[in-house]
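Peer 1:
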Amino acid sequence: MDRWMSVRTLLKHSRHVDGFKPGRYLSQVTVSQARLQEFIRAELSYFAAQHTQALSLEQIVEASTPGKVARLVHKELPFRFAARIEHIEAVTGWEQQLELQQLHEIFLDSFSELRMSEPPGTEDCPLSVSDLREYTEVIRNVRKRHRPVVALLAEAFRKMMHNDAAWIEDDAFQSWADTFLLSRISTEMLTSHYMAVVESHDPSAAQLLSEDHIGIVDTKCNPGRICEEAAKAVQAMYRSPRRQLAGNLNIEVHSHSDSGSLSAIEFSYIPKYLFYIVQELIKNSARATVEACEMDRRRTLSQRPIVVTVCADQKQVAIRIADQGGGVPFGKADEIWSYRFSTSKQPVQEYLESGSPLAGWGVGLPLGRLYARYLGGSLELMNVPGTGVDAYLFLRRIAPEGVPRSSISDSLAPV
170 MDRWMSVRTL LKHSRHVDGF KPGRYLSQVT VSQARLQEFI RAELSYFAAQ
220 HTQALSLEQI VEASTPGKVA RLVHKELPFR FAARIEHIEA VTGWEQQLEL
270 QQLHEIFLDS FSELRMSEPP GTEDCPLSVS DLREYTEVIR NVRKRHRPVV
320 ALLAEAFRKM MHNDAAWIED DAFQSWADTF LLSRISTEML TSHYMAVVES
370 HDPSAAQLLS EDHIGIVDTK CNPGRICEEA AKAVQAMYRS PRRQLAGNLN
420 IEVHSHSDSG SLSAIEFSYI PKYLFYIVQE LIKNSARATV EACEMDRRRT
470 LSQRPIVVTV CADQKQVAIR IADQGGGVPF GKADEIWSYR FSTSKQPVQE
520 YLESGSPLAG WGVGLPLGRL YARYLGGSLE LMNVPGTGVD AYLFLRRIAP
570 EGVPRSSISD SLAPV
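Numbering-wise (this note's numbering), the sequence shown opens with residue 170 and increments by one.
1. Using the rule of at least 16 other Cβ atoms within 10 Å of the residue's Cβ for burial, across every protein chain shown, is Ala203 buried or exposed?
2. Check whether the Cβ atoms of Cys396 and Ser424 lie closer than 9 Å to each other.
3. Can you name the start and end residues of the beta strand (DSSP E) that Asp387 belongs to?
4. Would you check if the region 320-330 and the region 479-496 touch, i.e. whether three or more CB-CB distances between them fall below 8 Å?
5. By alpha-carbon positions, which one of Asp300, Pro289, Leu283 ends up nearest to Arg309?
6. In or out: Thr469 buried (at least 16 other Cβ within 10 Å) or exposed?
7. Would you kindly check if the distance between the Cβ of Ala455 and the Cβ of Tyr508 is under 9 Å?
8. Relative to the C-alpha of Gly496, which candidate in Arg473, Asn391, Leu277, Gln485 has its C-alpha closest?
9. When DSSP labels each residue in this structure, what does Leu550 get in the three-state scheme?
10. I'd like to know if the region 240-257 and the region 266-281 are in contact, where contact means that at least 3 CB-CB pairs between them fall below 8 Å.
11. Going along the chain, which residues of its own chain have a beta-carbon closer than 6 Å to the beta-carbon of Ala217, five neighbours each way excluded?
12. Restricting to Cα atoms, I'd like to know which of Phe436, Arg302, Asp482 is closest to Ser373.
13. Contact check, Pro498 vs Leu443 under 8 Å by CB: the rounded distance?
14. For the beta strand (DSSP E) that contains Thr478, what are its first and last residues?
15. Who does Asp559 pair with in a DSSP beta bridge?
16. Taking DSSP as the reference, what is the three-state secondary structure of Ser286?
17. Which word fits Val307, buried or exposed, when buried means at least 16 other C-beta atoms lie within 10 angstroms of its C-beta?
18. In its own chain, which residues sit with a C-beta less than 6 Å from the C-beta of Val367, not counting the 5 before and 5 after it?
19. Just to confirm my understanding: we take Thr478, look at its own chain, exclude 5 residues before and 5 after, and list those with CB closer than 6 Å. What are they?
20. Using a Cβ-Cβ cut-off of 6 Å (strictly less than) and excluding sequence neighbours within five positions of Cys146, which residues of its own chain qualify?
21. Start and end of the beta strand (DSSP E) containing Phe436?
22. Between Ala232 and His362, how many whole angstroms is the CB-CB distance? I'm expecting something under 8 Å.
23. Starting from the Cα of Ala399, find the closest Cα among Leu321, Ala433, Ile446 and give me that residue.
24. By how many angstroms is the C-alpha of Val318 removed from the C-alpha of Ala502?
25. What residues in its chain sit with their C-beta under 6 Å from that of Arg565, if we drop five residues either side in the sequence?
26. Quick check on Val167: buried or exposed, where buried means 16 or more other Cβ atoms within 10 Å of its Cβ?
27. Beta-carbon within less than 6 Å of His243's beta-carbon, same chain only, minus the 5 sequence neighbours each way: which residues are those?
28. In terms of residue numbering, what span does the alpha helix (DSSP H) encompassing Val422 cover?
29. If Val386 sits next to Val230, beta carbons under 8 Å apart, how far is it from one beta carbon to the other, in whole angstroms?
30. Could you name the residues of the same chain whose beta carbon sits closer than 8 Å to that of Ile434, not counting the 5 residues immediately before and after it, in chain order?
31. I need the straight-line Cα distance from Met551 to Glu207, nearest angstrom please.
32. Just to confirm before moving on: does the CB-CB distance between Gly537 and Gly494 stay below 9 Å?
33. Can you give the beta carbon distance from Arg249 to Thr356, rounded, assuming they're within the 8 Å contact cut?
34. Suppose contacts are defined by Cβ-Cβ distances below 9 Å. Is Leu450 in contact with Leu562 by that definition?
35. According to DSSP, Ile383 sits in a beta bridge with which residue or residues?
36. If we call anything under 9 Å between Cβ atoms a contact, is Arg316 one with Thr360?
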């Protein structure tokens with residue numbers, strides 16, 4: 170029997186499980202909770218043992234109808250959630266770590282819910298939004314359940330530093346964290362795309378997506394505009410009364426015309442992920458600039474502008490974010506990409522203020538780089554101690570008919 174079939178369908182056809190009578194619907198099946206858990210655990214072991222490929226943006230964009238994206242979600246998510254459960258269980262003493270327990274429960278509950286559900290119809294049967302209402306509610310529940318994942322993981326990192334400092338310092342931990350967060354990116358991208366596709370095909374939706382969107386992908390994404398929105402969001406954060414700044418942040422955004430034309434830069438990309446990355450980079454520059462002004466009052470905030478420059482050619486878009494916040498001492502420069510490193514003194518408050526999954530927890534820069542790499546780009550920093558930091562974000566132009574596959578190595582492939 171096809172292993173992608175849900176537990177719901179498996180039970181429906183089974184004749185070998187004690188304590189239940191098979192029927193057409195799950196509501197007609199009677200099975201003990203203990204026996205059902207055995208089924209789920211067997212499913213979990215099977216899916217975790219399978220080798221899977223990194224989920225590419227091309228696969229996501231190709232799933233442009235409700236039926237296609239529902240079947241992609243049904244096929245792919247159980248593998249990734251099962252692998253994350255096994256990933257957590259590989260950590261020595263995870264059962265005594267509250268945040269890892271909570272993460273384990275989140276992924277197990279989502280895996281179980283997905284395996285008890287499936288889209289109706291067959292592979293070749295087109296599905297409407299109304300056909301998928303029950304399954305859509307399952308995906309909505311999964312997304313809601315997974316909202317605290319990054320915050321829980323970051324807090325788990327902090328506790329691991331005290332309990333197993335040797336492992337935290339080791340490259341194996343960096344690889345473990347990268348793999349976990351890459352999986353988070355792929356599954357969040359997939360469930361976001363599912364909801365966007367379904368809503369775009371739902372006449373009753375409050376706001377239909379424009380024709381420029383294919384699910385979560387904007388085929389006319391304007392990086393200059395997104396940088397302006399990110400700059401305004403950071404400025405709003407620093408206008409908060411609790412910060413009591415002497416002046417306002419000076420953030421300049423310069424967007425140049427597309428190379429070889431006079432038109433604004435537009436390309437196919439996922440706007441919300443670009444916003445997250447740019448917002449995190451500007452926040453880091455803003456924090457450094459504020460602290461530099463507090464240490465040296467000879468120059469005000471307005472005299473230390475954060476300059477965002479956007480340019481492009483036919484192959485890629487480049488964004489540079491340059492500050493005069495004093496840079497990072499040479500001795501700490503290598504720590505910038507470490508999950509041990511955080512420039513935020515109030516991660517909880519910053520996370521609540523910004524709403525960004527990258528905010529404040531010491532995972533911002535490495536997670537931002539993973540987002541960029543997952544979508545075929547790169548993020549690099551040029552650090553000049555005593556002066557400032559220039560961040561360079563390079564994004565490959567993508568199109569629905571030719572989206573580049575991730576360049577992430579097999580060892581970091583999100584599963």
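Each residue gets a CB set at the ideal place from its N, CA and C atoms; glycine is no exception. Only a predicted model underlies this, so the values are computations on that prediction, with no experimental measurement involved.
Peer 2: The relevant details are as follows:
1. Position 34 of the sequence shown, counted from the start, is the residue given in the question as residue 203. Ala203 comes out exposed.
2. For the purposes of this step, residue 396 is identified with residue 227 of the sequence shown, where counting begins at 1. For the purposes of this step, residue 424 is identified with residue 255 of the sequence shown, where counting begins at 1. Yes.
3. As a first step, residue 387 is located in the sequence shown; it is residue number 218 there, counting from the start. Counting along the chain, the beta strand (DSSP E) containing Asp387 begins and ends at 386-390.
4. no
5. Indexing the sequence shown from 1 puts residue 309 at position 140. Looking at the Cα atoms, Leu283 is the closest of the given residues.
6. The residue labelled residue 469 in the question sits at position 300 within the sequence shown. Label assigned to Thr469: exposed.
7. On the sequence shown, residue 508 is found 339 positions in, with the first residue counted as 1. On the sequence shown, residue 455 is found 286 positions in, with the first residue counted as 1. No, the Cβ-Cβ distance between Tyr508 and Ala455 is not below 9 Å.
8. As a position in the sequence shown, residue 496 is number 327, starting the count at 1. Comparing Cα-Cα distances from Gly496 to each of Arg473, Asn391, Leu277, Gln485, the minimum goes to Arg473.
9. Reading the sequence shown from its first residue, position 381 is the one you call residue 550. Strand, per DSSP.
10. yes
11. Here residue 217 refers to the residue found at position 48 when the sequence shown is read from its first residue. Around Ala217: Ala251, Ala252, Glu255.
12. For the purposes of this step, residue 373 is taken as residue 204 along the sequence shown, with counting starting at 1. Cα-wise, what sits closest to Ser373 is Arg302.
13. In the sequence shown, counting from the first residue as 1, residue 498 sits at position 329. In the sequence shown, counting from the first residue as 1, residue 443 sits at position 274. Actually they are not in contact, since the Cβ atoms of Pro498 and Leu443 sit about 30 Å apart, beyond 8 Å.
14. Taking the first residue of the sequence shown as position 1, residue 478 is located at position 309. Segment 475-481, the beta strand (DSSP E) holding Thr478.
15. Position 390 of the sequence shown, counted from the first residue, corresponds to residue 559. Asp559 is bridged to Ala491, Met551.
16. By one-based count along the sequence shown, residue 286 stands at place 117. Ser286 falls in the coil class under three-state DSSP.
17. Position 138 of the sequence shown, counting from 1, holds the residue named residue 307. Val307 comes out buried.
18. Here residue 367 corresponds to residue number 198 of the sequence shown, with the count starting at 1. Cβ within range, chain order: Pro235, Val298, Thr305.
19. Numbered from 1 along the sequence shown, position 309 holds the residue referred to as residue 478. Result list for Thr478: His423, Arg489, in chain order.
20. Past the boundaries of the shown model lies residue 146; the chain is included only from 170 to 584, so the question cannot be answered.
21. Working through the sequence shown from its first residue, we reach residue 436 at position 267. 436-438 is the span of the beta strand (DSSP E), which, as asked, contains Phe436.
22. Here residue 232 refers to the residue found at position 63 when the sequence shown is read from its first residue. Here residue 362 refers to the residue found at position 193 when the sequence shown is read from its first residue. 7 Å between Cβ atoms; contact.
23. Within the sequence shown, numbered from 1, the residue matching residue 399 stands at position 230. It is Ile446 whose Cα lies nearest to the Cα of Ala399.
24. Taking the sequence shown and counting its residues from 1, one reaches residue 502 at position 333. Taking the sequence shown and counting its residues from 1, one reaches residue 318 at position 149. Rounded to whole angstroms, Ala502 to Val318 spans 28 Å at the Cα level.
25. Here residue 565 refers to the residue found at position 396 of the sequence shown. Correct list, in chain order: Gln485, Gly545, Gly546, Pro573.
26. Residue 167 cannot be examined here, being either before or after the span of the chain that is shown, 170 to 584.
27. Residue mapping note: residue 243 aligns to position 74 of the sequence shown, counting from 1. Within the same chain, His243 has close Cβ partners Glu287, Pro288.
28. Counted from its first residue, the sequence shown places residue 422 at position 253. Looking at the DSSP string, Val422 is not in any alpha helix (DSSP H); the run it does join, the beta strand (DSSP E), is 420-424.
29. For the purposes of this step, residue 386 is taken as residue 217 along the sequence shown, with counting starting at 1. For the purposes of this step, residue 230 is taken as residue 61 along the sequence shown, with counting starting at 1. Yes, they are in contact, since the Cβ atoms of Val386 and Val230 sit about 6 Å apart, within 8 Å.
30. Taking the sequence shown and counting its residues from 1, the one referred to as residue 434 is at position 265. Excluding sequence neighbours, Ile434 sits near Asn391, Pro392, Gly393, Ser424, His425, Ser426, Asp427, Val479, Cys480, Ala481, Val486.
31. What you label residue 551 is simply residue 382 of the sequence shown in a count that begins at 1. What you label residue 207 is simply residue 38 of the sequence shown in a count that begins at 1. Straight-line Cα distance between these residues: approximately 53 Å.
32. Here residue 537 refers to the residue found at position 368 when the sequence shown is read from its first residue. Here residue 494 refers to the residue found at position 325 when the sequence shown is read from its first residue. No.
33. Against the sequence shown, residue 249 aligns to sequence position 80. Against the sequence shown, residue 356 aligns to sequence position 187. Indeed, because the Cβ distance is near 5 Å, the residues count as touching under 8 Å.
34. Numbered from 1 along the sequence shown, position 281 holds the residue referred to as residue 450. Numbered from 1 along the sequence shown, position 393 holds the residue referred to as residue 562. Yes, they are a contact pair.
35. Here residue 383 refers to the residue found at position 214 when the sequence shown is read from its first residue. Per DSSP, Val386.
36. Here residue 316 refers to the residue found at position 147 of the sequence shown. Here residue 360 refers to the residue found at position 191 of the sequence shown. No; because the gap between Cβ atoms is not below 9 Å, this pair is not in contact.
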